[in-house]
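Going by our numbering, the first residue of the sequence shown is number 5, and it counts up by one from there.
For glycine and all other residues, C-beta sits at the position ideal for the given N, C-alpha and C.
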Amino acid sequence: LGLALHNYHDVYNSFPPGYIREHTASSANWSNTHDAWGWAAFLLPYIEQTALYNSLNVGIGFPPDVVDNPGNLAAAQTQLTIFRCPSDIGPNLYPNEADTTYLREVALSNYVASMRSAQAMGSQGTVGFMTSNDPKRGGFFANSHVKIRDIIDGTSNTIAIGERVYQYPGNAGTPVYAAAWIGCGRADKETRCARQLFFAPEKPINGGGRSNTTLSSVHAGGVQVTLFDGSVRFVSENIDHHIDASVVPGSDDPVDSTLEYLIAIADGSVVGEF
C-alpha cells in the first residue's frame, strides 16, 4: 500500500483524497446524505486492480447508487487480500450496523488512513474537513490533496495508514467493524463514515471494546503502520499517547504526545525512534 500511495502521487502530484463527498462544509449541520468514495478505492489502479476500478467507475456518482446495480455490487464485494490483515478474524463483508442505511454489504478492509491526531472533528466544526492551520490534521480527510511537500515533519516521521481489527478475540458482543475499502454512504452518520475510513485516536491503541476511532490489531503488543515514505513499522500499544478526556472534540488542544506527533503532518515535532 505504501508503494501504491507513491505511485498515485507520481501521477497526480498528491496522495489520494481521504474521501470525495458530494457536499461541502458550510456549517456544522450537513445533509444526512454522506456518500463518499474512500481513499482505498482510488488506489485500485496502483494495486493491479484497474479493471475493478473501471467497473465501479470510481469517482463518478457515489457508492450507494453504484452498488444498487447487481454487477457493481459484486465488484464492491470483491475480497482484496492487500486490504486485509491475515491474522484478523473478521468476515469478508462489512456488515450493516444498526444505525447505518448503506443497505448493501461491501468488502471489508482492515486498513484506515490518518485523519487527525485526536478526534475526527475538523477545525471547521465539521467531521472530516480540515483547514491548513489545523495542527492536528493528518494526511487524509474530506476532499484532501496532500502533497509530499505538505508533510513538513518528514515522510519517514509521519503515519499514513494503520490497522483496525474487526473484533478483539474473546469480545464477540462488541465488534469494532474494521473498515470498508470502497467508502461509505447512504445516510451514514458523518462520524460513522469517518470511522469506516480513518483513524483519529480518542482511545489507546488496542484499547478494547468498540475502539472504532483508533488503531487496533490482533497482534501482541501493538499495530503495523505504513509511513508516508512507504516503509512499514510496528507501533507499540504502550507508545506515549496523551488523551485529555476534558477536551471538546474539534478544539485546538495541543499535539503533545509521540503518537500524535506521528500522525499530524505539520505540527513541527519530529520523532526519532519510537
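- Residue environment for Leu9: buried (at least 16 other C-beta atoms within 10 angstroms of its C-beta).
- For Asp92 and Pro139, the gap between their C-alpha atoms comes out near 33 Å.
- With a threshold of 16 other beta carbon atoms within 10 Å, Gly177 falls short and is exposed.
- In the DSSP annotation of this structure, the continuous segment of the alpha helix (DSSP H) that includes Glu264 starts and ends at Thr262 to Ile267.
- For Phe203 against Arg237, the beta-carbon gap comes to about 15 Å, at or over 8 Å, which does not count as contact.
- The C-alpha of Asn58 is placed about 43 Å away from the C-alpha of Asp260.
- Here Thr230 carries a strand assignment [DSSP, helix/strand/coil].
- Close CB contacts of Ala184 within its chain, under the 8 Å cut and outside five residues either way in sequence, are with Gly42, Tyr98, Val110, Ala111, Leu112, Ser113, Gln200 and Leu201 (chain order).
- Pro21 and Ala45 have their alpha carbons spaced roughly 10 Å apart.
- Counting only runs of at least 4 residues, the stretch 56-125 fully encloses the following alpha helix (DSSP H) elements, listed from N- to C-terminal order: 67-70 and 74-80.
- His246 is classed as exposed because its beta carbon has fewer than 16 other beta carbons within 10 Å across all chains shown.
- Arg199 carries a helical assignment under DSSP once its states are collapsed to helix, strand and coil.
- With contacts defined by Cβ atoms closer than 9 Å, Glu241 and Asn210 form a contacting pair.
- Of all C-beta pairs linking the stretch 151-169 to the stretch 219-229, three or more are shorter than 8 Å, placing the two stretches in contact.
- When the alpha-carbon of Phe145 is set against those of Gly225, Phe19, Leu48 and Glu277, the nearest one is in Phe19.
- In the DSSP annotation of this structure, the continuous segment of the alpha helix (DSSP H) that includes Tyr16 starts and ends at Gly6 to Tyr16.
- Apart from the 5 residues on each side of it in sequence, Ile267 sits with its Cβ closer than 6 Å to the Cβ of Ser118, Ser121, Gly142 and Ile163 in its chain, given in chain order.
- For a cut-off of 8 Å, the C-beta gap from Thr159 to Ile152 is around 6 Å, short enough to register as a contact.
- Comparing alpha carbon positions, the residue from Asp233, Asn76, Gly65 and Val227 closest to Asn161 is Asp233.
- Secondary structure of Ser148 (DSSP, three-state): coil.
- Around Val62, the same chain offers Trp41, Ala45, Phe46 and Leu48 as residues with beta carbons nearer than 8 Å, after the five sequence neighbours per side are excluded.
- Separation of the CB atoms of Asp271 and Asp157 is rounded to 7 Å, and the pair is thereby assigned contact status at 8 Å.
- DSSP places Ala45 in no beta strand (DSSP E) but in the uninterrupted alpha helix (DSSP H) bounded by Trp43 to Phe46.
- Secondary structure note for Ile243: it is in no beta strand (DSSP E), with a DSSP letter that is neither H nor E.
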